[in-house]
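Letter by letter, the sequence shown follows residues 0 to 159 of numbering that gives the first Met the number 0. Backbone N, C-alpha and C fix where the C-beta goes; we use that ideal spot for every residue, glycine too. Note that the structure is a prediction, hence the values are computed from the model and not measured. Data first, discussion second: the structure below is written as structure tokens.
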Amino acid sequence: MSGQLSHELEVNVPASEAWELYGRLGLAKLLVEDGSIVEKIEVIEGDGGIGTILKKTYTPGSHGFSVQREKFTKYDNEKRMKELEVLEGGYLDLGLTLFRVRFEIIEKDNDSCIIKSTIEYDIKEEAIANTSYVTTDLVAKIGETAKNYLIKNKATKNAE
0 MSGQLSHELE VNVPASEAWE LYGRLGLAKL LVEDGSIVEK IEVIEGDGGI GTILKKTYTP
60 GSHGFSVQRE KFTKYDNEKR MKELEVLEGG YLDLGLTLFR VRFEIIEKDN DSCIIKSTIE
120 YDIKEEAIAN TSYVTTDLVA KIGETAKNYL IKNKATKNAE
């Protein structure tokens, strides 16, 4: 069985600023600094572009699992889009055979954008009951963390 979910969040900063955070490893660093979702991220390979492999250790209680390895499989600076796929752990331990997340920064106007997060997944027939674990909760939390940072950063820049 296959499925797709998406989440959109409007942010009152230019798309270029949001992409600066999402584009490479800035978001990963922010999530570790924030600490509410991710406790630790190890860069196994790469610089945030295609082929980068990360090992994420989630903060206890923030999600239903503790460790997940993922790989950036697509990266398009012009379209402000990147995709990652879980390689091991996390959702794959729940019987999913594919768990892919696409982050897109969509320009709304000069001073605002939309962070669109899309989840695509395939799950084994015998694990269909675990489909309920696949939600947009995690990408929504990530989006809110990014939004708060971007707005705070914008206010700091404007005050200078």
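C-alpha gap between E16 and I113, whole angstroms: By 1-based counting over the sequence shown, the position of residue 16 is 17. By 1-based counting over the sequence shown, the position of residue 113 is 114. In a straight line, the C-alpha of E16 is about 12 Å away from that of I113.
Assuming G2 contacts Y120 under a Cβ cut-off of 8 Å, what Cβ separation, rounded to an integer in Å, is found between them? Here residue 2 refers to the residue found at position 3 when the sequence shown is read from its first residue. Here residue 120 refers to the residue found at position 121 when the sequence shown is read from its first residue. 5 Å between Cβ atoms; contact.
Let me know if K107 comes out buried or exposed under the rule of 16 or more other beta-carbons within 10 Å of its beta-carbon. Here residue 107 refers to the residue found at position 108 when the sequence shown is read from its first residue. Exposed: under 16 other Cβ atoms inside 10 Å.
Under the DSSP definition of a beta bridge, which residues are partnered with F64? By one-based count along the sequence shown, residue 64 stands at place 65. Paired residue(s): none; F64 is not in a bridge.
Which two residues bound the contiguous alpha helix (DSSP H) that contains Y132? As a position in the sequence shown, residue 132 is number 133, starting the count at 1. Taken as a continuous stretch (DSSP letters only), Y132 belongs to no alpha helix (DSSP H), as it is neither H nor E.
Tell me, please, whether the CB atom of C112 is closer than 8 Å to any CB atom in chain C? Of the chains in the structure shown, none is chain C; there is only one protein chain.
Between the stretch 7-16 and the stretch 61-71, do three or more beta carbon pairs fall short of 8 Å? By the Cβ rule, the stretch 7-16 does not count as touching the stretch 61-71, because fewer than three pairs are nearer than 8 Å.
Name, in chain order, the residues that DSSP records as bridge partners for M0. On the sequence shown, position 1 is the one that residue 0 refers to. For M0, DSSP records no beta bridge to any residue.
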